[in-house]
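Read the structure below first, then the notes.
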Amino acid sequence: MCASRLCVLPAELLHEVAVYLVACDDAAAPEHLALTCTIHLAPIFESLVEKGHICREIFDMEAVIRRCDWLATSCPEEDLGNVNGRIRPEDLGELLDVVLNYVRTPIVNHTPLDHPDVDAAIMGIYALLIMDDGKTREMLEQWHTYSFVMAYVRRRLSLDEVKGPIPWPEQDEVLLSALSAAWILTTPEHLLAEPPQERERLRRGLLPFILMPFRYPAGELPAECFYPPVADGPQGLPHSDLVTVHGAYPIYPRARQSHMARPSHTTPNVWPYAGRDFDFSLPLVSSVAKLHYFARQELSELQVPDHLAEDYQSRWEAYLRRRQEEGSHIPFEVELTKEDIRKYNQHRGTPLPRRDPHYPTSLQWDADTMRCLMSSALVGCVHLPYFSQIMTQLLILDDNNHPPSALCDSIRMSHMYEPGTMTGLWRGRMLLPQLHYLQNALHEPVRTPLFDAQMSELVMNFSAWRISEFVAPIADDARLPGRDDARTGWLPYNTSFAVSEDGKKCDVFSGPKKYVYRSLEEHKKAYAPADDDSDRKPEECAGCKLRERFGSGKEDVDAIFESVGLGLEEVECEECGCCPRRPSRDYLYTFGIPVRESFSVPTEEEEAEGDGEGEDEEDEGPCAECQRRVLPPRSLKACNHVSSVLLHGTVDEQDAAALYDYELYGRVRPCDGMIGLLRFPKRDSRFSPPGISSAYYTFFYGYVIGGQNFVGTWRIVFPRGMIGQVVLGQNGGIGGAAEGASEIFWEGPFTMQKVPE
């Protein structure tokens with residue numbers, strides 16, 4: 001009889017014991033249990049199958065299943081036909097070993113932060129967190145992971161006092177992973193526990209990332225671009241107008257770097273997760289740095305001055321009395337009230353990541369993950385082992401006058417922007433760096449005490465808008481054309497919006513043409529099934545037709561995509577002369593880098609035959625890369641019937657009385673989900689900005705991160721024909737970096753939050 005009393009327990013109870021011990025941070029629990037009985041228990045607890053069951057209990061798997069159709073780059077051969085198939089326990093067992101040995105160990109052992117194992121652990125932490133639905137985060141928090149990654153961030157950005165020239169901070173993959181992981185793990189308790197001195201030191205360390213868009217890019221593509229640019233620059237790269245001490249400008253962060261630019265994180269990272277290899281690209285450092293900076297700035301409540309009026313109503317009544325006494329020529333002075341300041345103290349612009357037990361938290365990172373990954377296929381060169389040399393030069397649009405089809409835009413944008421996200425009231429803050437401070441920083445190859453002294457006192461302003469969205473169906477002639485010009489909000493010149501009184505329709509006039517956009521609610525109704533007693537027929541949708549053909553299983557997948565211009569195409573290989581099927585340009589724009597690929601594995605007879613061939617005969621065959629078969633997409637997200645999103649914004653009367661009155665025109669950039677909003681003074685409003693300020697326009701561009709934080713950069717632009725101040729160059733009548741001139745515009749960071757109503 002076995003000496004171990006554990007052997008008498010049922011297998012289910014033994015499994016629960018192992019799960020409990022590992023969940024209580026006994027990483028060696030399976031091995032310890034195995035040692036209690038080498039005959040009966042060792043085969044159980046040393047097996048990858050049991051470790052896989054433990055992994056499923058303490059880490060989240062749902063995000064893997066949801067995402068593996070469109071993020072996994074490779075998977076077991078037997079799963080190629082159905083990538084969404086069963087995740088094998090053996091794969092999860094290997095994952096558990098990797099996490100406990102290579103992620104957990106450096107954290108709990110307090111490994112020195114300059115040790116190479118720390119870099120790998122931090123990359124692994126971020127990869128785990130973007131898959132988290134609650135359980136994974138609980139395990140990481142049990143290991144005190146937040147303190148670990150923040151210690152790494154502070155070490156990289158440590159600034160007690162800049163007493164002399166030091167290098168500008170670099171944006172390598174480990175720092176980006178640490179900043180991103182720290183943001184996902186941040187709680188109000190973490191922020192409040194920071195000593196004020198540490199908090200201020202961290203904010204100063206982040207300043208270059210958020211104030212220098214001429215060094216640290218603010219978008220996956222420059223704000224000047226609506227579609228990926230023509231590759232007319234050196235080495236097949238997009239044209240850059242300027243070269244400063246900080247590198248080429250405008251910046252294409254995912255592009256292959258030329259001799260003029262700094263190295264950057266351009267190649268996707270690969271993380272093995274549950275038997276699949278997942279590509280993930282890290283977010284832009286400027287976006288994550290803004291979240292950290294503003295979240296800490298907003299901890300300090302704004303003081304309410306005694307001299308301000310109590311609220312807008314009392315101010316308005318006082319103005320009417322003064323006007324009656326002194327005459328109708330008295331203007332209304334735009335100014336905050338006490339109520340306004342209390343409102344901004346309550347509704348801050350940088351909410352922390354959601355932690356809702358009823359909401360899969362990994363969903364909030366789906367769009368961000370896809371945006372970073374798919375943008376790698378927009379511009380430049382990505383070195384992947386399964387692309388031959390002819391395919392490593394990625395696939396930029398040949399001619400911006402012939403943009404991708406409405407179907408391409410619809411499929412791509414559906415991964416990175418959910419229509420309706422921007423609808424509602426938004427409030428937030430913006431920092432206003434002085435123009436000459438930015439001009440000084442532009443010409444400094446290193447960070448100096450002057451930069452810190454000048455940027456230590458930044459002016460802050462508030463913003464408030466009410467945004468309405470209007471959408472176009474998936475038809476090429478229904479979309480308003482895009483324009484590569486931030487000064488027009490990516491709209492053609494002289495475009496105007498006419499929103500119906502009920503808000504259900506927006507007529508868009510551009511030259512002699514008129515485009516009809518509908519509200520999202522009306523758009524959905526048009527495609528909803530008709531009631532039994534109704535004669536209305538749902539409108540036809542090209543996206544729905546494609547998905548019906550795709551899901552029927554009656555047609556070849558390759559043929560379906562080829563029929564709509566999204567198939568593979570034969571391209572001659574420079575290595576061996578073969579013509580493998582590789583993605584077309586429209587394919588790469590629509591789907592990004594091919595998500596997976598099978599390997600042509602020779603049979604034993606073919607291997608034996610190959611061994612007997614001479615080297616000359618072997619060289620005549622296809623090269624190794626041409627033997628690999630690129631597969632077409634295996635899934636499509638549900639159709640939203642939308643190919644183009646326009647945005648129209650106004651300012652509520654009470655906010656206009658405090659912050660001036662504006663109107664906003666804008667749209668969503670389909671290639672990466674960037675929101676662009678052109679803000680300009682509203683005509684014939686008593687709250688319009690006075691003087692020269694009334695001539696300035698402001699272009700706000702950025703991303704909705706985590707599904708709730710609108711984070712980005714504002715840029716001072718000027719109407720056509722007007723000259724104004726810029727950081728570098730002179731903005732003339734046509735001008736603008738997108739049109740061949742040489743300007744760097746006056747810019748600064750902002751963050752906004754949608755206000756519940």
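FYI, the UniProt record's numbering numbers position 268 of the sequence shown as 268, with every residue one higher than the one before it.
Ideal Cβ placement from N, Cα and C applies to all residues, glycine included.
Bear in mind the structure is a predicted one, so any value in this text is a computation, not a measurement.
Residue from the options whose Cα sits closest to the Cα of residue i
| i | options | result |
| --- | --- | --- |
| P681 | Y697, D672 and M674 | Y697 |
| Q303 | Q324, I723 and Q346 | Q346 |
| D356 | M131, A182 and Q364 | Q364 |
| E31 | I54, H115 and P10 | I54 |
| L678 | S685, F687, R686 and R667 | R667 |
| V153 | C372, S177 and Y662 | S177 |
| K163 | R669, Y344, F451 and E570 | F451 |
| S286 | Y227, P250 and L179 | L179 |
| G420 | G673, T136 and P229 | G673 |
| R483 | L95, H402, V471 and E501 | H402 |
| A248 | E501, L442, T488 and L480 | L442 |
| P433 | M422, T369 and E457 | E457 |
Residue i versus residue j - alpha carbon distance
| i | j | result |
| --- | --- | --- |
| L207 | F214 | 13 Å |
| G219 | G511 | 30 Å |
| K338 | P749 | 25 Å |
| T603 | E548 | At T603 the pLDDT is 45, less than 50, meaning the model places this residue with poor confidence and gives no usable figure here. |
| L435 | E444 | 15 Å |
| L291 | F700 | 16 Å |
| F745 | F718 | 10 Å |
| T392 | C623 | For T392, the predicted model reports a pLDDT of 35, less than 50, meaning its position is unreliable; a value from the coordinates is still stated below. So the two alpha carbons sit approximately 16 Å from each other. |
| R155 | L568 | 47 Å |
| V645 | V499 | 14 Å |
| L373 | Q171 | 17 Å |
| M212 | L113 | 28 Å |
| S258 | P195 | Bear in mind that the predicted position of S258 carries a pLDDT of just 39, short of 50, making it unreliable; the figure below should be weighed with that in mind. The alpha-carbon atoms of S258 and P195 are separated by roughly 43 Å. |
| S600 | D556 | Its pLDDT being 40, under 50, S600 is placed unreliably by the model, and nothing is read from it. |
| P217 | G724 | 23 Å |
| Y437 | A453 | 10 Å |
| T523 | A289 | According to the sequence provided, residue 523 is His. The question's Thr does not apply to it. About 37 Å. |
| C639 | L9 | 51 Å |
| L13 | A34 | 15 Å |
| S635 | S496 | 38 Å |
| D97 | L185 | 23 Å |
Distance CB(residue i)-CB(residue j) smaller than 8 Å
| i | j | result |
| --- | --- | --- |
| D655 | P404 | no |
| C671 | L221 | yes |
| S410 | S643 | yes |
| T713 | E743 | no |
| H641 | P492 | no |
| E469 | L647 | yes |
| C506 | Y527 | no |
| V22 | A11 | no |
| L546 | V564 | yes |
| Y660 | V243 | no |
| L202 | L157 | yes |
| I446 | I58 | In the sequence as displayed, the identity of residue 446 is Val instead of Ile. Taking 8 Å as the Cβ cut-off, V446 and I58 do not qualify as a contacting pair. |
| Y146 | H190 | yes |
Status (buried if at least 16 other CB within 10 Å, exposed otherwise) for residue i
| i | result |
| --- | --- |
| D306 | exposed |
| V651 | buried |
| T187 | exposed |
| L192 | exposed |
| E618 | Annotation note: pLDDT 48 at E618 (below 50); position unreliable, coordinate value reported separately. Exposed is the call here. |
| Q313 | exposed |
| H115 | exposed |
| residue 773 | Missing from the structure shown is residue 773; the chain here goes from 1 to 757 and no further. |
| A559 | exposed |
| S328 | exposed |
| Q324 | exposed |
| H144 | exposed |
| E326 | exposed |
Beta-ladder partner(s) of residue i, from DSSP
| i | result |
| --- | --- |
| F462 | R429 |
| C506 | V499 and Y517 |
| M752 | G428 and F710 |
| V717 | Y697 |
| H648 | S468 and Y665 |
| G676 | R667 and Y701 |
| V243 | A248 |
| P583 | L568 |
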